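Enquirer: There's a structure below that I have some questions on.
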Amino acid sequence: MKPTNRYPRTSSQNRLSDRDMLFDLLSTEKHMSHMYDHGIMESSNTDVRYTFEELQHDEHENAQVIFNAMQERGWYNTNKRSRTPDSNYLQVGRSGRSIANSEYAVTSGSQKFGSRLNNNIKYRNNEGRRVTNNSFI
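Throughout the sequence shown, residue numbering follows the numbering used here, covering -9 to 127 in sequence.
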């Protein structure tokens, strides 16, 4: 019996370029890392949390390899001056386009968030709960 090809050849028009495949892989690694982060934060079991942490570390290593490969080929440029206007956008599935701006933390004021939070803590009550200036903490 002659073996058959399960996957028929497709024209080059229907295939992803190497660049597109690497972008897709990197996006997937970022998404999986984000999902593992949720698992780590929500785990009540130490063994489960540790497993998620190991898996997330693997995702970070994979993403670094993909990032390096893309950067070597000039497909992922981190130099702000040489970006094209469209390169600041990432494709995010059904939600459309989302701006990717690494300056967000600087301009959003989130750098000062922790210092304000610490100033609100006054003391712990008899039950060991923190009592603060703000009733929501």
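For each residue, glycine too, the CB sits at the ideal point set by N, CA and C. Quick caveat: nothing in here was measured; it's all calculated off a predicted structure.
Leu16: which of Asp37, Tyr40 and Met60 sits nearest, CA to CA?
Expert: Looking at the Cα atoms, Met60 is the closest of the given residues.
Enquirer: When we look at the beta-carbon of Tyr26 and count the other beta-carbons within 10 Å, is it buried (16 or more) or exposed?
Expert: By the 10 Å Cβ count, Tyr26 comes out buried.
Enquirer: In this structure, how does DSSP classify Gln81 when only helix, strand and coil are distinguished?
Expert: Because the pLDDT of Gln81 is 48, which lies under 50, any placement of that residue in the model is unreliable, and the question is left without a value.
Enquirer: Is Glu19 closer than 8 Å to Glu62 when the C-beta atoms are compared?
Expert: No. Outside cutoff.
Enquirer: Unbroken alpha helix (DSSP H) runs of length 4 or more, entirely within the stretch 1 to 43: which are they?
Expert: Here the runs fully enclosed are 8 to 32.
Enquirer: Give me the Cβ distance between Leu12 and Trp65, rounded to the nearest whole Å; I'm assuming they're in contact under 8 Å.
Expert: Indeed they touch by this definition, with Cβ atoms about 7 Å apart.
Enquirer: Can you give me the C-alpha to C-alpha distance between Ser34 and His28, rounded to a whole angstrom?
Expert: Going by the C-alpha atoms only, they are around 12 Å apart.
Enquirer: Can you round the beta-carbon distance between Gln46 and Ser23 to whole angstroms, since I take them to be within the 8 Å contact cut?
Expert: With a Cβ gap of about 6 Å, Gln46 and Ser23 count as contacting.
Enquirer: For Asp8 and Asn58, I'd like the C-alpha separation in whole angstroms.
Expert: Going from the Cα of Asp8 to the Cα of Asn58 covers about 14 Å.
Enquirer: Quick one: what's got a C-beta closer than 7 Å to Ser43's C-beta in the same chain, skipping five residues either side?
Expert: Reading off the sequence shown, one finds Glu at residue 43, where the question assumed Ser. Cβ neighbours of Glu43 beyond the five flanking positions: Ile30.
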